[in-house]
Structure formats: C-alpha cells, structure tokens
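Report on one structure; see the data block that follows.
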Amino acid sequence: MTKSIKRTIFSVLTMICAFSVVAFAACSESGQTDNGQSTEQNNNQSNTPSGSTEDETPDDTGSTDNTGGDTSGTGGSKILIAYFSATGSTERVAGYIAEATGGTLFELVPINEYSSADLNYGNSSSRVSMEYLDESLRDIELVSTTVENWADYDVVFIGYPIWWGIAAWPVNNFVKNNDFTGKTVIPFCTSASSGLGQSSTLLEDMASTGTWLEGQRFRSSVSQSTVTEWVENLIIT
-7 MTKSIKRTIF SVLTMICAFS VVAFAACSES GQTDNGQSTE QNNNQSNTPS
43 GSTEDETPDD TGSTDNTGGD TSGTGGSKIL IAYFSATGST ERVAGYIAEA
93 TGGTLFELVP INEYSSADLN YGNSSSRVSM EYLDESLRDI ELVSTTVENW
143 ADYDVVFIGY PIWWGIAAWP VNNFVKNNDF TGKTVIPFCT SASSGLGQSS
193 TLLEDMASTG TWLEGQRFRS SVSQSTVTEW VENLIIT
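So in my numbering, the last one in the sequence shown is 229, and the numbering has no gaps at all.
As structure tokens, then:
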C-alpha cells in the first residue's frame, strides 16, 4: 500500500471520528432518552395528577355520561364553588375547579352529618334510603347557606353527588335560600356510573333565578387534568 493511499484512509477515519463526537454531543444536549422521549416529557408525565377511585354513594342504577353543552371562559368574573360531598369525591373536584379558576370554596355541611352507615343505600332502613323513600325527610338543615359578599359573585359552581338519579338533597336548601339573579350557575356532579340526568334542571326549577348552564358529570375517579380542561373550555357570557 502506497503512502498516499495510507494518508487518504487516515484522513477519512479522522473525519468519521470527528463527526461521531459532534453527533453524540448534539444528542446529549437535546435530552433524548433511549425511547426517543425527552427528559422534560418524562418528568411532565410523572407529575400528571390522577383522581382517586373513591365513589360518591349512594348512586343510582346507572346511565351514560351527560356532558355539558357549549359553555366557558370565566374571564374576570368573581367565582364561587359551593358543594356538598358525602365521601370526598365531589370535594376533590371542587378543589380542582378552585385551582383552575382562583374561585372561593364554600362547603355545604349538614348540621346532622351523614355517617357511613347513613349512606348505606343497600340497607332500606338507612338514613339516606329512608330520605329517598320519603321526600319530606329531604329538608336537610345546613350549618350555613349564607355566603359572605354573595352579591359580588358573578359565577357560581354548584357541586353534588348523584343520589338515585338526582342531585343529593343536602344542596336543595342552598339553592332555595339564595337569589341567583344576575349570576351564571354551573352545576357539576360526581358518580360512579350515573349521568347528570335531570339533576341540574330540577335545581334550576327550584331556584327560579339565574342563568343556569347544563353542567357536567364527572366519574368519581376523575383526574385533575380532565376537570381543568373542562373549566378552560367553558364559555361564560
């Protein structure tokens, strides 16, 4: 082999090595992992919040999801999130809405709170079963239905679990005892299987004031990202 050919081969090998070093450095700076995803993408996925599997009980026999219509953008409105939660699922969703909107939470607490035994809808003698069978027992007194600076709120979210296909009745006295004139009202509910049904319509009839949107039903195990996306897509006029 002549000296000129050796020099040519050496030059080619030198160029290949230099190219490999540059390519390796570029890949390292981009943060790519073995599976082609960036480190930032992996970190974002690991931080994505997810809902729990806790159910609001009692539920009804179950229907399909009933999503809200064209609603949103809360703009500069002052927002209240009023909610009743039997087992924690509705409270969790209310918290997600508060985080997404910067709104104020207002929990509807029965003076005589429900115990686990009270919520055993499989027992016909349980408190909630008796209330379901006898509508006169559904007048649930709350610790308070009075919201400080109520007149200042433009938008009111009202949350509740679904009980036998309707809104859990502890929310009724809040709806009856407040004037929603000039306010946009957005119901939301949680259930293991049943849909929104007529729950929001019945509450609207009960209130007889305010501009009521159709609202939204969430699974008891809904993730925060799903709730936030719903809020961000609302169109409130």
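A virtual CB, placed ideally from N, CA and C, is assigned to each residue, including glycine.
8 Å Cβ cutoff met for residue 99 and residue 124: no
Spatial neighbours of residue 150 in its chain, beta-carbon cut-off 6 Å, leaving aside the 5 residues before and after: 74, 179
Given residue 226 as reference, the closest of 93, 80, 85 once Cα atoms are compared: 93
Selected residue, minimal CA-CA separation from residue 212, among 224, 198, 222, 153: 153
Nearest-angstrom Cα separation, counted from residue 133 out to residue 142: 20 Å
Where residue 14 falls, given that 16 or more other Cβ within 10 Å makes a residue buried: Caution applies to residue 14, whose pLDDT of 37 falls short of 50 and renders its modelled position unreliable; the model cannot decide the point.
Reduced DSSP secondary structure (H/G/I, E/B, other) of residue 99: strand
Burial state of residue 173 (16 or more Cβ within 10 Å): Counting the other Cβ atoms within 10 Å of the Cβ of residue 173 gives fewer than 16, which makes it exposed.
Euclidean distance between Cα positions of residue 113 and residue 220: If you take the alpha carbons of residue 113 and residue 220, they lie about 31 Å apart.
Cβ neighbour criterion (16 or more within 10 Å) applied to residue 224: Under a 10 Å Cβ-count criterion, residue 224 is classified as exposed, with fewer than 16 other Cβ atoms of the shown protein chains found around its own Cβ.
Cutoff 8 Å; reference residue 190; Cβ partners in own chain excluding five residues on either side: 157, 158
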